[in-house]
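Colleague: Reminder that position 177 of the sequence shown reads as 177 in full-length UniProt numbering, one-by-one numbering, no gaps. The beta-carbon is built from N, C-alpha and C at its ideal position, and this holds for glycine as well. From a predicted model like this one, the values you see are computed outputs, not experimental measurements. My questions will all concern the structure given below.
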Amino acid sequence: MPVLISAVVLVGALCSLDLILTLGVIKRLREHGELLAARAVDRPRSAIELGERVGEFTTHTVDGEPLSRATMTGTTLVGFFTPTCGPCKEQLPKFLEYARTVPGGRERVLAAVVGDEDLAAPMVAELRSVAKVVTQTRNEEPMGAAFEIMAFPTVLMVAPDAEGNVVVTDDAVDLSRPALPV
Numbered sequence: 001m002p003v004l005i006s007a008v009v010l011v012g013a014l015c016s017l018d019l020i021l022t023l024g025v026i027k028r029l030r031e032h033g034e035l036l037a038a039r040a041v042d043r044p045r046s047a048i049e050l051g052e053r054v055g056e057f058t059t060h061t062v063d064g065e066p067l068s069r070a071t072m073t074g075t076t077l078v079g080f081f082t083p084t085c086g087p088c089k090e091q092l093p094k095f096l097e098y099a100r101t102v103p104g105g106r107e108r109v110l111a112a113v114v115g116d117e118d119l120a121a122p123m124v125a126e127l128r129s130v131a132k133v134v135t136q137t138r139n140e141e142p143m144g145a146a147f148e149i150m151a152f153p154t155v156l157m158v159a160p161d162a163e164g165n166v167v168v169t170d171d172a173v174d175l176s177r178p179a180l181p182v
């Protein structure tokens, strides 16, 4: 009988230890779940963020117009695309539709297509009707550097602030709704 009592006490102790360890693992999994959920809410940075100042750049549009930060005098929709990017191809029709509703028309819409000129030609052709278009190679991206572009597609709204500095006014442009008058 004492052996049976010892075995039951031992099994009880092992079950209690197992329960404590299981509760510890569950607590740790909840903490990890909360951390992962919080991280999923934070979208990765793809460009300069809301309120940040656009860097200096000088380039020319495909139509030969000079373009720099100084020539951006009003609220402007700016899009960055690359022809080898699947999401860019999906986003392009939405960008085109949204750009058609921007107050000020083509003068207030700027698009940069980054990549090989031959591959970019169809995308440039579509964008030219609604935007001033700049083509750039991956090695030479004056606009990409000025806007700190890290991912494609990126769509921003920029405007001069009270001091005349061009700053980002919207870093998450909702292309599903028409542009609002300024």
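For the stretch 114 to 132 against the stretch 28 to 38, do three or more pairs of beta-carbon atoms, one drawn from each stretch, fall closer than 8 Å, so that the two count as touching?
Modeller: The answer is no - the stretch 28 to 38 does not touch the stretch 114 to 132, with fewer than three Cβ pairs under 8 Å.
Colleague: Short of 7 Å in beta carbon distance, which residues of its chain neighbour Ala131, apart from the five on each side in sequence? Order them along the chain.
Modeller: Once the five neighbours on either side are set aside, the close Cβ partners of Ala131 are Ala99, Arg106, Val109, Leu110, Ala111.
Colleague: Touch check for the stretch 123 to 140 and the stretch 88 to 99: three-plus C-beta pairs under 8 Å?
Modeller: Yes: at least three Cβ pairs fall under 8 Å.
Colleague: Could you give the uninterrupted runs of the beta strand (DSSP E) lying entirely in the UniProt domain "Thioredoxin" (48 to 182), keeping only those of 3 residues or more?
Modeller: Segments of the beta strand (DSSP E) lying fully in the UniProt domain "Thioredoxin" (48 to 182): 58 to 60, 66 to 68, 76 to 81, 109 to 114, 132 to 136, 154 to 160, 166 to 170.
Colleague: For the putative contact between Val113 and Phe147, defined by C-beta atoms under 8 Å, what is the C-beta separation to the nearest angstrom?
Modeller: Contact doesn't hold; Cβ gap of about 14 Å is too wide.
Colleague: Roughly how far, in whole angstroms, is the beta-carbon of Val168 from the beta-carbon of Gly24, given that I think they are within contact range, below 8 Å?
Modeller: 45 Å between Cβ atoms; not a contact.
Colleague: With burial defined as no fewer than 16 other Cβ atoms inside 10 Å of the residue's Cβ, what is the status of Ala179: buried or exposed?
Modeller: Buried: at least 16 other Cβ atoms inside 10 Å.
Colleague: Using the beta-carbon count (16 or more within 10 Å), is Leu156 buried or exposed?
Modeller: With 16 or more other Cβ atoms within 10 Å, it is buried.
Colleague: Does the beta-carbon of Ala145 have 16 or more other beta-carbons within 10 angstroms, so that it is buried, or is it exposed?
Modeller: It counts as exposed.
Colleague: Please report the straight-line C-alpha distance between Gly55 and Asp174, rounded to a whole angstrom.
Modeller: Whole-angstrom Cα-Cα distance: 24 Å.
Colleague: Could you check how far apart the C-beta atoms of Ala47 and Thr154 are, in whole angstroms? I think they sit under 8 Å.
Modeller: Confirmed, Cβ separation roughly 5 Å.
Colleague: Between Thr84 and the rest of its own chain, which residues show a CB-CB distance below 7 Å, the 5 nearest in sequence each way excluded?
Modeller: Cβ neighbours of Thr84 beyond the five flanking positions: Gly115, Leu119.
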